[in-house]
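S.K.:
Residue numbers (our numbering), protein chains in the order written: chain A, 3 to 283; chain B, 80 to 189; chain C, 148 to 304.
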């Protein structure tokens, strides 16, 4: 399988270089979502936007039922704990989240526009990084570890304030460079199986890989309670899982590659309703 | 979760005498089955919630003995016949000897 | 100037590779172990707790036909029986035929339960029957079962 090297990556890299160097209109040269071949099941229309379909529309009825009730949704064990943390004073500045932001309802709309380029920091931030910056700078408290119950819960709590609002991330201006990097990653073959994200989530989207119905790989429901994980997990953890499945090196949570990929993947779902914290298989 | 298991309960705040009400409970817990191997190749010792108890005004409504086949963050949903106003008490018994509990009050409607 | 990703340009080789994704993934399956219970083990378990002669009626085991992931399978058990001081379902035993050990959960109910109905979530190591026996306060027993398929997914399994 590894003997014959595909020509595609070279062509891809060339295309990318040209795109970046000349017009910058790289996005136009790619298919981002495969048009679904069948209409979505009745009652699930609200979980679509144009050709984009939330993972919710691929889930079984039992899994959807778990998400639809905020008590039955196990992710709320983390959300409820985060609600307490919101009001908890920590760090040398003697502040809690509440001290600066008031009630958590003030976060409405925030989760819909992240990841976002922050001019003050001069870098792309996702919600996890934004929250930890608030902790280290604003509160002068220790940042939470990635994938810790605290950071997952707080990310879910902040993002769920935007539930039902359309995902609306910006990819222009300083975000463009990250977007292009994410798009490139998405379309580049990696790992022992020499596959790119797009092979499953665009080319084979909607078909079965053994018993697995391949979704579009949308981000609108993250952090998500995955039945497989038996806990809440981040989008970057999911990226690591995908990379592992195609026998590629898992990158670090919060790495520049995954940050750029998060922006691209989230943008693919612009218009889908925020569902966090969702339940997936 | 890494820290103390956190119980959650959804029980009605008020009900009429003779109603059968549904109570939903859950607790954050790994329910470590004792059958998984850790990274060192050794079995991770079993640690589960082995028993759950629901009481109303001190009287047992139901209890459940749980085994490793119960999922992480164990969820239980059951019913109670309403006779009087009072207080629920829910108890979860951990293999490590800890008991976690949560209370909730219920009024009688008019 | 560019490489356009087209849906039609999927080689057979790529498709075969996709089919292989996750094939040797060692999942975070909670219930692993060499031993697996057999239907006989469930029979032995029911005999041990004294409910082996149950009649197949009155007990409904409800769950998905196909579980998306064996780690969390929602199950609801209901017994078509009165819940009065005189006559009530005292115990519901739940056992699984294909897990490492047969016993899953035992519910002890009282007339204060109002209804003989319980809902929980369980682990299923493989496709198997989930069986339940209800014992009335007079010692009579009834049983019900449901076969649930557990799929081995490429990424989700």
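Glycine is no exception: its CB is placed at the ideal position from the N, C-alpha and C atoms.
1) Go to residue 223 of chain C, then tell me how far its alpha helix (DSSP H) extends in each direction, as first and last residue.
2) Would residue 92 of chain A count as contacting chain B if we go by Cβ distances under 8 Å?
3) Hey, residue 59 of chain A and residue 46 of chain A: beta-carbon distance below 8 Å or not?
4) Any contact between the region 225–234 of chain A and the region 114–122 of chain A? By contact I mean 3 or more CB pairs, one from each, below 8 Å.
5) Is residue 229 of chain A close to chain C? Criterion is C-beta to C-beta, closer than 8 Å.
6) Roughly how many whole angstroms lie between the Cα atoms of residue 290 of chain A and residue 251 of chain A?
7) Hey, how far is the Cα of residue 213 of chain A from the Cα of residue 69 of chain A?
8) Name the DSSP beta bridge partners of residue 268 of chain C, please?
9) Please compile the residues from chain B whose C-beta is within a distance smaller than 7 Å of the C-beta of residue 261 of chain C.
10) Nearest CA to the CA of residue 259 of chain C: which residue from B/100, B/92 and B/89?
11) Give the single residue among C/228, C/248 and C/240 whose Cα lies nearest to the Cα of residue 197 of chain C.
12) Give me the residue from A/89, A/54 and A/171 with the minimum Cα distance to residue 156 of chain A.
13) Any beta-carbon of chain B closer than 8 Å to the one on residue 247 of chain C?
14) Along chain B, in chain order, which residues have C-beta atoms closer than 7 Å to that of residue 218 of chain C?
15) Relative to the alpha-carbon of residue 82 of chain A, which residue among A/231, A/106 and A/142 has its alpha-carbon at the smallest distance?
16) Starting from the C-beta of residue 39 of chain A, find all residues in its chain whose C-beta is less than 8 Å away, skip the five residues before and the five after it, and write them out in chain order.
17) State the start and end residues of the unbroken beta strand (DSSP E) segment that holds residue 243 of chain C.
18) Once you ignore the five residues that flank residue 144 of chain B on each side, which residues in its own chain have a CB closer than 6 Å to its CB?
19) I'd like to know whether the C-beta of residue 73 of chain A is nearer than 8 Å to at least one C-beta of chain B.
20) Please name the residue in C/271, C/289 and C/229 whose C-alpha comes closest to that of residue 296 of chain C.
21) Drop a sphere of 10 angstroms on the beta-carbon of residue 231 of chain C, count the other beta-carbons inside from all chains shown, and report buried for 16 or more, exposed for fewer.
22) Under 8 Å between the Cβ atoms of residue 147 of chain B and residue 127 of chain B?
23) By Cβ distance, which residues of its chain are closer than 6 Å to residue 179 of chain B, with the 5 residues on each side in sequence left out?
24) Would residue 268 of chain A be called buried (16 or more neighbouring beta carbons within 10 Å of its own) or exposed?
25) Might you give, ordered along the chain, the residues of its own chain that have their beta carbon closer than 6 Å to the beta carbon of residue 168 of chain A, omitting 5 neighbours on each side?
26) At least one CB of chain A closer than 8 Å to the CB of residue 273 of chain C: is that the case?
27) What in chain A is Cβ-close to residue 221 of chain C, meaning under 8 Å?
28) In angstroms with no decimal places, state the Cα-to-Cα distance between residue 261 of chain C and residue 95 of chain B.
29) How is the alpha helix (DSSP H) around residue 262 of chain A delimited, first residue to last?
30) Can you list the residues of chain A that residue 215 of chain C reaches, using a CB-CB cut of under 8 Å?
31) In whole angstroms, what is the alpha-carbon distance linking residue 205 of chain B and residue 264 of chain C?
32) Whose Cβ in chain B lies nearer than 8 Å to the Cβ of residue 250 of chain C?
33) Return the Cβ separation of residue 222 of chain C and residue 267 of chain C in integer angstroms, given the expectation that the two are a contact with Cβ distance under 8 Å.
34) Quick one, which of A/235, A/174 and A/160 has its alpha-carbon nearest residue 149 of chain A's?
35) Quick one: does residue 298 of chain C have its CB under 8 Å from some CB of chain A?
36) Whose C-alpha, out of C/228, C/292 and C/299, is nearest the C-alpha of residue 209 of chain C?
M.R.: Inspection of the coordinates gives the following:
1) Element bounds for residue 223 of chain C: not the alpha helix (DSSP H) but the beta strand (DSSP E), 220–226.
2) no
3) yes
4) Not touching, per the Cβ criterion.
5) yes
6) Absent from the model: residue 290 of chain A. The displayed extent of chain A is 3 to 283, so no value can be given.
7) 22 Å
8) Bridge pairing for residue 268 of chain C: C/221 [DSSP].
9) Chain B residues near residue 261 of chain C: 99, 158, 159 and 160.
10) B/100
11) C/240
12) It is A/89 whose Cα lies nearest to the Cα of residue 156 of chain A.
13) yes
14) 150
15) A/106
16) Annotation for residue 39 of chain A: 208 place their beta carbon closer than 8 Å to its own, counting only its chain and skipping 5 residues before and after.
17) 236–243
18) 130
19) yes
20) The option with the nearest alpha carbon to residue 296 of chain C is C/271.
21) exposed
22) yes
23) 84, 86 and 171
24) buried
25) Residues of the same chain with a CB within less than 6 Å of the CB of residue 168 of chain A, apart from the 5 flanking positions on each side, are 273 in chain order.
26) It does not; no Cβ of chain A falls within 8 Å.
27) 64, 67 and 68
28) Residue 261 of chain C and residue 95 of chain B: Cα-Cα distance of roughly 13 Å.
29) 258–270
30) 61, 62, 64, 65, 229 and 283
31) Shown here, chain B extends from 80 to 189; a query on residue 205 of chain B therefore has no answer.
32) Near residue 250 of chain C (Cβ distances below 8 Å), the residues of chain B are 146 and 148.
33) 6 Å
34) A/235
35) yes
36) C/292
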